[in-house]
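Down below is the structure, laid out as structure tokens.
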Ligand SMILES: Nc1ncnc2c1ncn2[C@@H]1O[C@H](COP(=O)(O)OP(=O)(O)O)[C@@H](O)[C@H]1O
Ligand SMILES: [Mg+2]
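Numbering (the working numbering), first residue to last: 44 to 955.
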């Protein structure tokens, strides 16, 4: 029986008839919005939990819902195994050779066997290859292997970065975040410390708060040092020493130190930042699935990463706007030890509890699976809206689950314990009792559909490496290309500068410079029609998006000969060096009216030579200053209606300024240097050589005239481009990235789509009701006429339909499942068309038509909102002239390294 492809509704499987012990034709849909009250999946190993959850993730991916997955066993990596061609060759690298041996087959035979199994399985569940294609296109999977370089590395340092939040209004939120980080760090050292009550926790939390309030990012090293020597004297009313003795602090510091001293620790602080927005969306706002593979970690490390992720999720979530649609998923495949019953209280329990309670308002859904029903705190799970109970291992497990259900039943009265107990007593694999508080019809048995991905089981390390090899390469080349874009700490004082630098003048500045190409629905004209996945994925978009296009940096570009090098070969006169340089104790004279600035060196000579692609083969290295016209500006942007108030800094270095002629400022964009780093004196006068300034640079009139020129240039070109969504009246925040904005727009569109779909459901549900009612009446007439009961099966369907009709009215998944029944009428009709009454067959045709119309309308609604979500315009904010401030202007001396190798000078930038 075909299912209806409907947005927001997950295709989970079909109803299972427990009495007849067989699969029925009734499709089970699950309204994804119900996941905002979370789902718990219990069942013994092999009961099909992972298969069910992978199927839910597949549905989520098709509807463009991002997810974070914690994968203790390594099964969820199977999300990468989508093979639309169902070709044995595709399966071959992923089969377990042991399985082949056990099946007495060669690996090739076994691959063919598995491919055939998947082909048949999917066909039996009406999943066509096109659906697999769509899944493959929509899947953006990253497998992170914290503490190991097998998959993608992840850095925990982002969690220690001072948040850009307002301490006056958001103290509570920030403190919550601090507490989470502190709990996680202690967990890494194997200590279970509680906020507020445990002194070591309070101490570390205060240290972080103290630093963060000053805008200082932390490292674990900083924390350890400050635990020994806190930056404050009192904690509450007590002196620090009184509150927690020096000796205790020393011991704490030692314990934490042994964590970071372990060689493996290095891998925790390299890689992409552990930042939820980044884990859920690509830079251009497309949804991702981030799998955390943790099979290789110790218990302590698992507890740490889990705590950190859960706490970060809490913090991220609270920054989101409210929504009634599903926004994102967090799935934990095996819950062992993370949410145990009282009195156990591991560090993960509290953040999980908070998520369970609060996530609903923010559209974040949790899926928690466990094979050990004794390991769950049912009291804490009374908030969970959906339970999937699968085959259980033992009588004991059964009792535990029943006891758990009883606790739930007190919260929701309609759960029939006796009936449920009977149902779960003997379940076969892949059959689950589904109890969803939003379905007031009571629990039902669902047989899970065939998983679209190849369920190969846990992948090996080399397989994971292979899967992520491309991503890793992309990542490292991205970092190489833009060393300042390291998504880690902003320790580098140039980072700020570099960001301004990235937006060359020819490009729109700031925000717009990073904006992805408009999200066009590239699949629009393609056959087959897209599944309801939101924002049709455009083919070939790299998962991290392309890094922002950078203008060619004026410094350190290897291909470009360094300043002055062209004039190499000049005969060296007294004090004169090749390349128009002079060795002198003081810089060449510059008229008084012109300000002078010396820029700092930011590279060692070795770094400078290698960055410039030059081999350094010995000789005395001199510091050489090359003069340029330097201008640094701060431009203020404001727009009241969009509530945008922000600034950007731009810098220009114009080398070899001529006495006249146009200056093309856009060709001289340079990094902004913090003015505190600028000096009026050379940094090392003793070994300095200077390039002679060109005539233009020493001409006060010329320099003065250009001062006005640069302001004019900025006035005309330095525009801030922000995304704007007209329909939603939603402006982008120029100080956050496109990912965040795109995700907000998508969520708003999703919500509107879901609302519209609900209305459609009501309308078509009612129309279907009317037809069914007519059909029933006619049939009764017919039966009465013939005085014989025909087609009991059909009759029984009506009765169940009737029984739940009033209860379900308006529920999407109910409408869906009734709609997809229309075809069954048709099939039955065709079988005995001759005998059937004409009116009845006419009604049945109407039902089929209605279903088709409904399905098409669903599709249209989805398409409409996909297009609306993609309809992002740009708004330009231009600065007023008065808002352009010239912070630095005059002659700038740029440091270089200079080596005279036998008359051939080698000059490379020491700044960049
Ligand atoms: N939805 C499914 N589609 C296809 N095969 C499945 C599905 N669910 C389970 N299976 C099969 O059953 C096996 C065990 O299921 P699994 O989901 O791993 O159980 P659990 O996670 O409860 O231990 C899988 O390896 C797979 O072969
Ligand atoms: Mg499993």
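Every residue, glycine too, gets a C-beta built ideally from N, C-alpha and C.
Residue i: CB within 6 Å of a non-hydrogen atom of ligand 2
| i | result |
| --- | --- |
| residue 93 | yes |
Alpha-carbon spacing of residue i relative to residue j, whole angstroms
| i | j | result |
| --- | --- | --- |
| residue 358 | residue 397 | 11 Å |
| residue 658 | residue 952 | 14 Å |
| residue 230 | residue 197 | 18 Å |
| residue 308 | residue 298 | 14 Å |
| residue 80 | residue 770 | 30 Å |
| residue 787 | residue 319 | 15 Å |
| residue 682 | residue 363 | 23 Å |
| residue 261 | residue 296 | 15 Å |
| residue 649 | residue 950 | 13 Å |
| residue 70 | residue 228 | 46 Å |
| residue 531 | residue 203 | Here the model assigns residue 531 a pLDDT of 26, short of 50, so the residue's position is not dependable and the matter cannot be decided. |
| residue 669 | residue 737 | 10 Å |
| residue 893 | residue 495 | 29 Å |
| residue 939 | residue 722 | 16 Å |
| residue 381 | residue 82 | 16 Å |
Check: residue i C-beta below 6 Å from any heavy atom of ligand 1
| i | result |
| --- | --- |
| residue 719 | no |
| residue 358 | no |
| residue 473 | yes |
| residue 161 | no |
| residue 103 | no |
| residue 88 | yes |
| residue 399 | no |
| residue 411 | no |
| residue 491 | yes |
| residue 498 | yes |
| residue 494 | yes |
Sheet register partners of residue i (DSSP bridge)
| i | result |
| --- | --- |
| residue 620 | 624 |
| residue 475 | 489 |
| residue 239 | Paired residues: none, contrary to the question. |
| residue 734 | 624 |
| residue 335 | 113, 187 |
| residue 919 | 764 |
Reduced DSSP category for residue i - H, G, I as helix; E, B as strand; rest coil
| i | result |
| --- | --- |
| residue 993 | Residue 993 lies beyond the residue range present for the chain, which begins at 44 and ends at 955; the question has no answer from this structure. |
| residue 62 | coil |
| residue 45 | coil |
| residue 481 | coil |
| residue 79 | helix |
| residue 172 | helix |
| residue 691 | strand |
| residue 720 | helix |
| residue 791 | helix |
| residue 421 | coil |
| residue 348 | helix |
| residue 707 | coil |
| residue 52 | strand |
| residue 403 | helix |
| residue 796 | helix |
| residue 774 | strand |
Start-to-end residues for the beta strand (DSSP E) that takes in residue i
| i | result |
| --- | --- |
| residue 65 | 65 to 74 |
| residue 370 | No beta strand (DSSP E) holds residue 370; DSSP gives it neither H nor E. |
| residue 412 | 407 to 413 |
| residue 768 | 763 to 768 |
| residue 676 | 664 to 682 |
| residue 928 | 927 to 944 |
| residue 640 | 639 to 641 |
| residue 432 | 429 to 432 |
Endpoints, the alpha helix (DSSP H) within which residue i is located
| i | result |
| --- | --- |
| residue 296 | 289 to 304 |
| residue 464 | 460 to 468 |
| residue 152 | 150 to 167 |
| residue 131 | 131 to 134 |
| residue 125 | First-last for residue 125: undefined, no H or E at that position. |
| residue 882 | 881 to 913 |
Neighbour flag for residue i against chain C, beta carbons, 7 Å
| i | result |
| --- | --- |
| residue 130 | Judged by its chain identifiers, the structure shown contains no chain C, having just a single protein chain. |
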